[in-house]
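Asker:
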Amino acid sequence: MNDISKKSKNKNHNEAMEIAHLRFAVIAPVIQGVFTEPTKTAYYKKVAEKPLKMPDGRSVFLNYNTFEKWEASYKRKGMDGLIPKARCDIGMSRVLPNEAIDEIYRLIQQFPRINATLIYTKQKNTWLNGFDLSQVNSLEDLNRLLADYVRMRNNSVNRNTGETPMERYSRHIDRIRFPQSRAWLDECFMSRIIRKVNNDATVSIDSVMYDVPMQFIRSKVEIRYLPDDMKNAYILHQGKRYPIRRTNKLENSRTKREKLPSIDYSLNGGFKDV
Numbered sequence: 001m002n003d004i005s006k007k008s009k010n011k012n013h014n015e016a017m018e019i020a021h022l023r024f025a026v027i028a029p030v031i032q033g034v035f036t037e038p039t040k041t042a043y044y045k046k047v048a049e050k051p052l053k054m055p056d057g058r059s060v061f062l063n064y065n066t067f068e069k070w071e072a073s074y075k076r077k078g079m080d081g082l083i084p085k086a087r088c089d090i091g092m093s094r095v096l097p098n099e100a101i102d103e104i105y106r107l108i109q110q111f112p113r114i115n116a117t118l119i120y121t122k123q124k125n126t127w128l129n130g131f132d133l134s135q136v137n138s139l140e141d142l143n144r145l146l147a148d149y150v151r152m153r154n155n156s157v158n159r160n161t162g163e164t165p166m167e168r169y170s171r172h173i174d175r176i177r178f179p180q181s182r183a184w185l186d187e188c189f190m191s192r193i194i195r196k197v198n199n200d201a202t203v204s205i206d207s208v209m210y211d212v213p214m215q216f217i218r219s220k221v222e223i224r225y226l227p228d229d230m231k232n233a234y235i236l237h238q239g240k241r242y243p244i245r246r247t248n249k250l251e252n253s254r255t256k257r258e259k260l261p262s263i264d265y266s267l268n269g270g271f272k273d274v
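Pasting the structure below:
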């Protein structure tokens with residue numbers, strides 16, 4: 001390998017590591033559990049409001065879903081999961097060819113009741129194998145194309161109903177049940193588990209210890225929580241909510257607890273000095 005090739009390889013490696021460190025800087029508050037927003041998704045959405053300064057000087061806006069994927073990659077592979085990989089389709093167009101778009105419209109018109117799985121299967125068997133991806137430079141571009149298609153579909157007249165999906169939705173809006181509140185909706189999606197409280201007033205959730213009120217020691221309790229918002233987890237008991245919090249091991253070790261009364265075995269015929 002000549003000197004020019006070595007320098008080029010080292011440069012590419014250094015740039016990749018800079019990007020990996022930038023990605024880690026974004027997800028670090030979530031990995032370390034120090035973000036101040038109510039949920040990690042809220043934190044990622046806040047970060048996505050401003051452009052990220054890339055190592056090459058560019059400022060780019062990224063979708064918050066991208067940050068969640070970085071987090072998942074880091075948890076699977078560590079820093080190696082944050083190093084950008086070279087694309088295997090460089091030089092190839094990513095834009096949907098007109099033939100593919102026409103095929104989508106034809107399938108929808110010919111089979112208005114066909115489900116998404118069948119549409120996907122038909123597309124895969126016809127034009128998807130030759131799909132040109134090179135002109136879609138990011139996931140955001142692909143999502144934008146999908147959003148445009150969904151918007152067009154929702155405002156196109158269905159030949160069976162004679163109206164658009166949006167018109168049908170508006171006409172029957174009185175039959176739609178709306179959530180009582182955001183808090184009520186969040187509670188509907190909460191995970192619910194039963195745990196027996198340990199003698200030190202703690203329970204384990206996903207291998208993490210949490211402090212609970214001491215009145216529940218040795219009792220089985222129902223815990224409700226959102227996996228990405230454990231700060232608001234609670235015990236539901238007789239219609240009341242009792243907050244739980246992540247255990248501080250140092251603080252927990254210093255907590256004074258009532259000592260159990262000593263047993264006098266002499267009362268049962270044993271030795272007095274036992």
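Numbering follows UniProt numbering, in which position 100 of the sequence shown is assigned residue number 100; successive positions increment by one, without gaps.
Backbone N, C-alpha and C define an ideal beta-carbon position, used for all residues, glycine too.
These numbers were taken from a predicted model, which means no experiment stands behind them.
Residues in the same chain with beta-carbon distance under 6 Å from Glu18, minus the five sequence neighbours each way, listed in chain order, please.
Answerer: Position 18 of the sequence shown, counted from the start, is the residue given in the question as residue 18. Around Glu18: Pro55.
Asker: Less than 8 Å between the beta carbons of Arg224 and Arg195, yes or no?
Answerer: Within the sequence shown, residue 224 is the residue found at index 224, counting from 1. Within the sequence shown, residue 195 is the residue found at index 195, counting from 1. No; because the gap between Cβ atoms is not below 8 Å, this pair is not in contact.
Asker: If distances are taken between C-alpha atoms only, which option among Gly239, Lys249, Val34 comes closest to Ala201?
Answerer: Stepping through the sequence shown from its first residue, residue 201 is reached at position 201. Checked all of Gly239, Lys249, Val34; the closest Cα to Ala201 is Lys249.
Asker: How would you label Leu185, buried or exposed, when you count the other beta carbons within 10 angstroms and need 16 or more for buried?
Answerer: Mapped onto the sequence shown, residue 185 falls at position 185. Leu185 is exposed by the Cβ-count criterion.
Asker: If I measure Cβ to Cβ from Pro38 and keep anything under 7 Å in the same chain, skipping five residues before and after, which residues do I get?
Answerer: Within the sequence shown, residue 38 is the residue found at index 38, counting from 1. Cβ neighbours of Pro38 beyond the five flanking positions: Asp229.
Asker: Is the CB-CB distance between Met79 and Ala25 below 8 Å?
Answerer: The residue labelled residue 79 in the question sits at position 79 within the sequence shown. The residue labelled residue 25 in the question sits at position 25 within the sequence shown. Result no, Cβ atoms of Met79 and Ala25 do not sit closer than 8 Å.
Asker: Using alpha carbons as the reference points, say which of Gly239, Ile27, Asp211, Arg218 lies closest to Lys231.
Answerer: As a position in the sequence shown, residue 231 is number 231, starting the count at 1. Considering only alpha carbons, the answer is Asp211.
Asker: For residue 275, which residues of its own chain have a beta-carbon under 8 Å away from its beta-carbon, when the five flanking residues on both sides are left out?
Answerer: Absent from the model: residue 275. The displayed extent of the chain is 1 to 274, so no value can be given.
Asker: Mind checking Phe67: buried by the 16 CB within 10 Å criterion, or exposed?
Answerer: Your numbering for residue 67 matches position 67 in the sequence shown. Burial call: buried.
Asker: How far does the alpha helix (DSSP H) with Asn65 in it reach, from first residue to last?
Answerer: Along the sequence shown, one-based indexing puts residue 65 at 65. Note, Asn65: alpha helix (DSSP H), 64-77.
Asker: Please return the same chain residues whose Cβ sits closer than 6 Å to the Cβ of Arg159, not counting the five positions on each side in sequence.
Answerer: Numbered from 1 along the sequence shown, position 159 holds the residue referred to as residue 159. If we look at Arg159 and ignore the five residues flanking it on each side, it has no Cβ neighbours.
Asker: At which residue ranges does the stretch 164-198 contain complete alpha helix (DSSP H) runs of 4 or more residues, listed in the order of the chain?
Answerer: DSSP runs (the alpha helix (DSSP H)) wholly in the stretch 164-198: 165-171, 182-188.
Asker: Starting from Asn232 and walking both ways along the alpha helix (DSSP H), at which residues does that stretch end?
Answerer: On the sequence shown, residue 232 is found 232 positions in, with the first residue counted as 1. Run containing Asn232: none in the alpha helix (DSSP H); it sits in the beta strand (DSSP E), 229-237.
Asker: Assuming the contact rule is C-beta atoms closer than 8 Å, Glu140 and Asn198 should be a hit. Round their C-beta distance to whole Å, please.
Answerer: Counting from 1 along the sequence shown, the entry for residue 140 is found at position 140. Counting from 1 along the sequence shown, the entry for residue 198 is found at position 198. With 8 Å as the limit, Glu140 and Asn198 do not qualify as a contact, their Cβ atoms being about 47 Å apart.
Asker: Express the C-alpha separation of Asn98 and Pro243 in angstroms, rounding to a whole number.
Answerer: Looking up residue 243 in the sequence shown gives position 243. Looking up residue 98 in the sequence shown gives position 98. About 57 Å.
Asker: For Arg246, which option in Glu222, Pro227, Val208 has the closest C-alpha, if you only look at C-alpha atoms?
Answerer: By 1-based counting over the sequence shown, the position of residue 246 is 246. Among Glu222, Pro227, Val208, the Cα nearest to that of Arg246 belongs to Val208.
Asker: Using the C-alpha atoms, what's the distance from Gln32 back to His13?
Answerer: One-based indexing of the sequence shown puts residue 13 at position 13. One-based indexing of the sequence shown puts residue 32 at position 32. If I take the Cα positions, the gap works out to 27 Å.
Asker: Under three-state DSSP, which class holds Lys240?
Answerer: Here residue 240 refers to the residue found at position 240 when the sequence shown is read from its first residue. It is a strand residue.
Asker: Hey, how far is the Cα of Met214 from the Cα of Val203?
Answerer: The residue labelled residue 214 in the question sits at position 214 within the sequence shown. The residue labelled residue 203 in the question sits at position 203 within the sequence shown. Looking at the two C-alpha atoms, the distance is approximately 11 Å.
Asker: Under a three-way DSSP split, which group does Thr121 fall into?
Answerer: For the purposes of this step, residue 121 is identified with residue 121 of the sequence shown, where counting begins at 1. Thr121: helix per DSSP, three-state reduction.
Asker: Ordered along the chain, which non-local residues of its own chain (more than five positions away) have a Cβ less than 7 Å from that of Pro51?
Answerer: Within the sequence shown, residue 51 is the residue found at index 51, counting from 1. Cβ neighbours of Pro51 beyond the five flanking positions: Ser59, Val60, Phe61.
Asker: Of all the options Glu163, Val34, Ile27, which has the alpha carbon lying nearest to the alpha carbon of Tyr44?
Answerer: As a working note, residue 44 is residue 44 in the sequence shown. Checking every option, the nearest Cα to that of Tyr44 belongs to Ile27.
Asker: Cα-Cα, which of Cys188, Arg218, Phe216 is closest to Leu226?
Answerer: As a first step, residue 226 must be located in the sequence shown, where it is residue number 226. Looking at the Cα atoms, Cys188 is the closest of the given residues.
Asker: Taking the beta strand (DSSP E) that Ile217 belongs to, which residues open and close that run?
Answerer: Numbered from its first residue, the sequence shown carries residue 217 at position 217. Unbroken run through Ile217: none, as it is neither H nor E.
Asker: Reducing DSSP to helix, strand and coil, say where Arg246 ends up.
Answerer: Along the sequence shown, one-based indexing puts residue 246 at 246. In this structure, Arg246 counts as strand in the three-state DSSP scheme.
Asker: Against chain D, does Met190 count as a neighbour if the rule is that its beta carbon must be under 8 Å from one of theirs?
Answerer: Annotation note: the requested chain D is absent from the structure, which comprises a single protein chain.
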